[in-house]
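Below is one structure; the comments refer to it alone.
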Amino acid sequence: MTGVRLQHGARTDVGRVREVNEDAYLAEPPVFVVADGMGGHEGGDVASAIVVEEFAGLAARGYDPVHAADAVVEVLESCRRRIATYAEEQRAAGVGPLQAGTTAVAAVLAQHEGAPAWLLANLGDSRAYRVEGGSLEQVTVDHSVVQELVDTGLITEAAAAEHPERHVITRSLGGNQRSEPDLFVLPLAAAPRLVLCSDGISGMLDHEQMRGVLAAAADPGRAAEALLAAALDAGGRDNATVVVVDALTDPDPDPDTAAAADTAAVGAETPIDVDLEQRLGVLP
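Residue numbers (our numbering): 1332 to 1615.
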């Protein structure tokens, strides 16, 4: 695969209202994740930490970039099982009706038709955006009650932002909800900058505010810091987490970087299954 250089910045904050930060993130090139836990202390924070731990394992052991989707789906299923087991153990210990769960949005460097690409996966309302030139485009689609209302034409996007059920999600890892992720392939050429965030960012800043902040920050670290600061200045009503990744194609790649992207590991000999291939959306 063509050499790729990844530069990234990441920030998280408990916000101005909450006492516990149930968000978590991973920035271990070539694997990036944001998870927004739910269920309260020792519920949501544990669930999001499990997601980060599982994806850190993927980054450490490596994967076949051609079959990155298989690897990501396997990791998400492992997350689901671990979160369910944890919640059951807590209930059995008499902790109470714990409903540990978390959203997840992941970006994993992959290879599609011989070219570098992002393999994106999401559950819930944590989002992935692509930035190209001065434009900002949301790639993932929220799994939420208000998104379903928007999709059916019952409310507008503007109304969704103020809807009383805007935080109610319809898919998650844990929490007794559907755990099937949406999967996307996004060519690197179409996403020189990628943004992953929890709704503590996207729920506090509208599309144009986010676009303006990102356009003003050339460095991904400064971009992440500026987005977090803007969300806090807007009220910081939720935990806020953001990861910004800039991808540059390198015609003369560093051997270590190339090796990290091309590592063959678990599932390297297993072709993508038919159902998974049908679910995989390829973006222009």
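The beta carbon of each residue, even a glycine, is placed where N, CA and C say it ideally should be.
Using 8 Å as the cut-off, can you tell me whether the region 1348-1359 makes contact with the region 1393-1409, which would need three or more C-beta pairs spanning the two stretches below that distance?
No, the region 1348-1359 is not in contact with the region 1393-1409.
Would you mind giving the Cβ-Cβ distance between A1438 and L1451, rounded to the nearest angstrom? I have them listed as a contact below 8 Å.
Walking along the sequence shown from the start, residue 1438 turns up at place 107. Walking along the sequence shown from the start, residue 1451 turns up at place 120. At roughly 5 Å, the Cβ-Cβ gap stays under 8 Å, so A1438 and L1451 are in contact.
Mapping DSSP to helix, strand and coil, what is E1444?
Locating residue 1444 in the sequence shown gives position 113, counting from the first residue. The answer is coil: DSSP assigns E1444 none of H, G, I, E or B.
Using DSSP bridges, identify the partner residues of I1500.
Translated into the one-based positions of the sequence shown, residue 1500 becomes position 169. Its beta-bridge partners are S1475.
In angstroms with no decimal places, state the Cα-to-Cα distance between L1527 and V1348.
Looking up residue 1527 in the sequence shown gives position 196. Looking up residue 1348 in the sequence shown gives position 17. Going by the C-alpha atoms only, they are around 22 Å apart.
From which residue to which residue does the beta strand (DSSP E) around D1513 run?
The count along the sequence shown starts at 1 and reaches residue 1513 at position 182. Where D1513 is concerned, the enclosing beta strand (DSSP E) stretches over D1513 to P1518.
In three-state DSSP terms, what is E1463?
Locating residue 1463 in the sequence shown gives position 132, where the first residue counts as 1. Of the three classes helix, strand and coil, the one that applies to E1463 here is strand, per DSSP.
Start and end of the beta strand (DSSP E) containing P1343?
To locate residue 1343, count along the sequence shown from 1; it is residue 12. Note on residue identity: the sequence assigns Thr, not Pro, to residue 1343. Per DSSP, T1343 belongs to the beta strand (DSSP E) from G1334 to D1344.
To which residues does DSSP link A1452 through a beta bridge?
Locating residue 1452 in the sequence shown gives position 121, where the first residue counts as 1. A1437 and L1514.
Look at the alpha carbon of T1594 and the alpha carbon of D1537, and state the distance between them as a whole number of angstroms.
Locating residue 1594 in the sequence shown gives position 263, counting from the first residue. Locating residue 1537 in the sequence shown gives position 206, counting from the first residue. Per-residue confidence for T1594 stands at a pLDDT of 31, beneath the threshold of 50, marking its modelled position as unreliable; the derived number appears in the next sentence. Between T1594 and D1537, the C-alpha separation is close to 38 Å.
Short of 6 Å in beta carbon distance, which residues of its chain neighbour M1369, apart from the five on each side in sequence? Order them along the chain.
Numbered from 1 along the sequence shown, position 38 holds the residue referred to as residue 1369. Cβ neighbours of M1369 beyond the five flanking positions: G1375 and G1432.
Span of the alpha helix (DSSP H) holding R1524?
Counting from 1 along the sequence shown, the entry for residue 1524 is found at position 193. It is not in any alpha helix (DSSP H) - R1524 instead sits in the beta strand (DSSP E) that spans R1524 to C1528.
Does the count of Cβ pairs from the region 1335-1348 and the region 1568-1576 closer than 8 Å reach three?
Cβ pair count under 8 Å is three or more, so yes.
Three Cβ pairs or more, each shorter than 8 Å: is that satisfied between the region 1457-1475 and the region 1510-1520?
Yes, the region 1457-1475 is in contact with the region 1510-1520.
Taking the C-alpha atoms as reference points, what is the distance between V1362 and V1377?
Locating residue 1362 in the sequence shown gives position 31, where the first residue counts as 1. Locating residue 1377 in the sequence shown gives position 46, where the first residue counts as 1. Computed Cα separation, rounded: 20 Å.
Which class does D1587 belong to by DSSP, given the choice of helix, strand or coil?
For the purposes of this step, residue 1587 is taken as residue 256 along the sequence shown, with counting starting at 1. Summary for D1587: the model assigns pLDDT 48, below 50, so the residue's position carries little reliability; its value from the coordinates is reported in the next sentence. D1587: helix per DSSP, three-state reduction.
Could you check where the alpha helix (DSSP H) with D1569 kicks off and where it finishes?
Counting from 1 along the sequence shown, the entry for residue 1569 is found at position 238. Unbroken run through D1569: none, as it is neither H nor E.
For the beta strand (DSSP E) containing A1366, list its first residue and its last residue.
Numbered from its first residue, the sequence shown carries residue 1366 at position 35. It spans V1362 to M1369 - the beta strand (DSSP E) in which A1366 sits, taken as one unbroken run.
For V1544, count neighbouring C-beta atoms within 10 Å of its own C-beta (all shown protein chains included) and say buried if the count is 16 or more, exposed if not.
In the sequence shown, counting from the first residue as 1, residue 1544 sits at position 213. V1544 is buried by the Cβ-count criterion.
How about V1575 and R1524: are their beta carbons less than 8 Å apart?
Within the sequence shown, the letter at position 244 stands for residue 1575. Within the sequence shown, the letter at position 193 stands for residue 1524. Yes, they are a contact pair.
Who are the near neighbours of H1616 in its chain, counting only those whose CB is closer than 7 Å to its CB and skipping five residues on each side?
Residue 1616 is absent from the structure shown; the chain starts at 1332 and stops at 1615.
Tell me the DSSP secondary structure of D1550 in three-state form.
Locating residue 1550 in the sequence shown gives position 219, where the first residue counts as 1. Looking at D1550 - three-state DSSP - the assignment turns out to be coil, as it is neither helix nor strand.
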